[in-house]
Amino acid sequence: MTFSGSNSAEILVIGDEVISGLIVDTNSKYLGERIYDSGAGVSRITKIGDDFSIIEECVEQALQRSNWTILTGGLGIT
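Numbering (the numbering used here), first residue to last: 6 to 83.
What follows is the structure, encoded as structure tokens:
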């Protein structure tokens, strides 16, 4: 099922540990299920590193494409 516009969300998963493969992203699966349960859908999931300029660019783009933009991170060992 494809969602767009006001019925869609984008999830941005932030962390060098995710894009390097050191940590498996389970947050987007959980968030996607909750979004779907609410009657909406996820139009895109983007994984990005800890570079602020790239994060900023991705957030700006996601805000233009979707009604909701959800950022998640902190997936590394603390």
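Just so it is clear, CB atoms sit at the ideal spot from N, CA and C, and this is done for glycine as well.
Whole-angstrom C-beta distance between residue j and residue i, which should lie under 8 angstroms
i, j, result
"Val47", "Asn32", "Not confirmed; about 12 angstroms, so no contact."
"Ala45", "Ser25", "Wrong, their Cβ atoms sit about 30 angstroms apart, outside the cutoff."
"Thr74", "Leu36", "So it is not a contact: roughly 12 angstroms between Cβ atoms."
Residue i (DSSP reduced to helix, strand or coil)
i, result
"Ile59", "helix"
"Ile28", "coil"
"Gly46", "strand"
Nearest to residue i (by Cα), restricted to the options the options
i, options, result
"Glu15", "Ser58, Gly54 and Tyr41", "Tyr41"
"Ala67", "Thr51, Leu27 and Ser43", "Thr51"
"Arg49", "Ser43, Gln69 and Phe57", "Gln69"
Under 8 angstroms between C-beta atoms of residue i and residue j
i, j, result
"Gly54", "Asp30", "no"
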